[in-house]
Amino acid sequence: MKDFRELKVWERGHKLTLKIYKITSGFPREEMYGLTSQIRRACASIPTNISEGCGRSRDTELARFIEIAIGSASELEYLLLLCCDLELINKQDFKLLMAEIVEVKKMLISFFKKLRAKS
């Protein structure tokens, strides 16, 4: 078992989640149970899956949760694109958030490959 708090990728995912919560707090009230909720869940799923995987006893199990986190990051990418197209977020925030997601995905993929190589 690993301490998830020691992983840079978990830290980046957590910081991204905090940013997403702040940005979505300005979304229209009618989106509270729609896009706002879905975006927040997708983003929070990234550090959540990392931490859950770290609680497992084998690297193969951790790798499975990292793979799920990668999927959540991809889901978040689409949801933010949708929000940009709907003009719920401005283009500057969109670009900054997408750059963050790309970095988190790169870190997750690298971590996943290292875990797979071990097993």
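As numbered in my numbering, residues 100 to 218 make up the sequence shown, in order. Where is the CB? At the ideal position from N, CA and C, for every residue including glycine.
- For Pro146, the secondary structure class from DSSP, reduced to helix, strand or coil, is helix.
- Rounded to whole angstroms, the separation of the alpha carbons of Glu129 and Arg139 is 15 angstroms.
- Taking Leu195 as reference, the option from Leu180, Ile208 and Ser209 with the minimal CA-CA separation is Leu180.
- The beta carbon of Thr159 lies closer than 8 angstroms to those of Leu214 and Ser218 in the same chain, with the five residues before and after it left out.
- Here Trp109 has Phe103, Pro146 and Ile149 as same chain residues with Cβ atoms under 6 angstroms from its own Cβ, once five neighbours each way along the sequence are excluded.
- Spatial neighbours of Glu105 in its own chain (CB-CB distance under 8 angstroms, excluding positions within 5 residues in sequence) are not present.
- Exclusion of the five residues before and after Ala141 leaves Ser171, Glu174, Leu175 and Leu178 as the residues of its chain whose Cβ lies within less than 7 angstroms of its Cβ.
- A straight-line Cα-Cα distance of about 6 angstroms links Ser144 and Ala168.
- For Met100, the secondary structure class from DSSP, reduced to helix, strand or coil, is coil.
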